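>
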Amino acid sequence: MSRAATLALLETYYAAFNAGDWDGMLACLADDVAHDINQGSRQVGKDTFAAFLGHMERCYKERLEDIVLMASEDGSRAAAEFVVHGTYLTTDEGLPEAQGQTYVLPAGAFLAIADGKIARLTMYYNLADWTAQVVGE
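Mind the numbering: the sequence shown is residues 37 to 173 in our numbering, read in order.
#1: Can you give me the C-alpha to C-alpha distance between residue 72 and residue 163, rounded to a whole angstrom?
#2: Write down the C-beta distance between residue 69 and residue 143 rounded to the nearest angstrom, noting that I regard them as a contact closer than 8 Å.
#3: Quick one: any contact between the region 122-132 and the region 81-100, if contact means 3 or more CB pairs under 8 Å?
#4: Going by C-alpha distance, which of 140, 148, 133 and 131 is nearest residue 8?
#5: Could you check the C-alpha separation between residue 82 and residue 61 for me, to the nearest Å?
#6: What whole-angstrom Cβ distance do residue 150 and residue 66 have, given they're in contact under 8 Å?
#7: If we ignore side chains and look at the alpha-carbon of each, how far apart do residue 85 and residue 135 end up?
#8: Would DSSP call residue 75 helix, strand or coil?
#9: Can you grab the Cα-Cα spacing for the pair residue 90 / residue 165, in whole Å?
#10: In terms of DSSP beta bridges, what is residue 122 paired with?
#11: Would you list, in sequence order, the uninterrupted alpha helix (DSSP H) runs of no fewer than 4 residues that lie entirely inside the region 45-73?
#12: Would you mind reading off the limits of the beta strand (DSSP E) that contains residue 163?
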């Protein structure tokens, strides 16, 4: 896959995220996608990722802005940097109580691309920053 094709894939993926188009996001993923959750475990599979999206939709309303995409020359590796603008809707297990708090959080992702699909997605954001924002510190 070329660098340009990888960037186009990521543009499609992140546009689907911002549109709340979970099917569009899932169409960009390999069936055995590996999803490394920030400060969590690795989850594998498109069905598992779909369940994760359902959980996120229940607890958070998010939009990504200032998206910058990067890809290796051969298109096999990529990265995305963005700012998450969100609202904490419903209390997520192990996290502070949700009361509709808003947050603005820099975040990023590292991706592996195989056969025209996202094969691995590793997310990063600063959980301490997010927590401080939602508890009002």
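Ideal Cβ placement from N, Cα and C applies to all residues, glycine included.
Given the structure is predicted, the values throughout are model-derived calculations rather than measurements.
According to the data block:
#1: 15 Å
#2: So it is not a contact: roughly 18 Å between Cβ atoms.
#3: yes
#4: It is not possible to answer for residue 8, since the shown part of the chain is limited to 37 through 173.
#5: Rounded to whole angstroms, residue 82 and residue 61 show a C-alpha spacing of 10 Å.
#6: 6 Å
#7: 26 Å
#8: coil
#9: 24 Å
#10: 98 and 139
#11: 58-63
#12: First-last for residue 163: 163-171, but that is the alpha helix (DSSP H), not the beta strand (DSSP E).
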